[in-house]
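These notes concern the structure reproduced below.
Written as structure tokens, this is what we have:
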């Protein structure tokens, strides 16, 4: 399948729309408000219930585990791991083949592709490292309500999920040359008000190995 700018834009827009729908589902009613109201009424309290604004107090663990983790996080993560394993296998297979001199420079081409795959695999690894702790804690909360979890662990896990978004641009800029040059161009154009040199399309995709 040929990837065109239009197809890429549609795919990106679809991902964002789906992410908004999944992320905002608790605001549409799948939350702990009804449970809080029942507990408030059972205690004989009057008026609107007072909700302690903590993650596990307001977010339904059924939503976080069954819907969020088991449907939208774990299956795509496992699928991406399998895809990257296949990519690495195919690239390694091509690198190990003896090629003729008339075929251009396939060793250089596949070597570059391997470096790009490693960079994207690193981003996938950081995603798993950032999100799995929180989802594991959510599973413990749902399936073992009597198990004690220090609050600090939950706070750290939530912080990691937010930190993942901050790590990606750094990894892209550090590992992939074109991203780094593009970031510098944006910085110069919009923050320093200085025109940046044009991006060289022939730049290597990756930083050279030390």
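Residue numbers (the working numbering): 882 to 1091. Using N, Cα and C, we set each Cβ at its ideal position, and we do this for glycine too.
Item, Value
"Start-end ranges of the alpha helix (DSSP H) lying completely within the segment 927-965, minimum 4 residues", "936-939"
"Same chain, Cβ closer than 8 Å to residue 1104, five either side skipped, listed in chain order", "Any answer about residue 1104 is impossible in this case: the structure gives the chain only from 882 up to 1091."
"Length-filtered (4 minimum) alpha helix (DSSP H) runs lying within the segment 898-923", "914-923"
"Distance, residue 1066 Cα to residue 1072 Cα", "10 Å"
"Alpha-carbon to alpha-carbon, residue 975 and residue 982", "For residue 982, the predicted model reports a pLDDT of 44, less than 50, meaning its position is unreliable and no value from the coordinates is stated."
"Any 3 or more C-beta pairs closer than 8 Å across the segment 1022-1038 and the segment 993-1005", "no"
"Residue 1017 to residue 940 span [Cα, whole Å]", "15 Å"
"The segment 905-916 / the segment 941-949 touching (three or more Cβ pairs under 8 Å)", "yes"
"Identity of the residue in 1003, 948, 901, 1012 nearest residue 1042 by Cα", "1012"
"Residue 1005 and residue 961 closer than 8 Å at C-beta", "yes"
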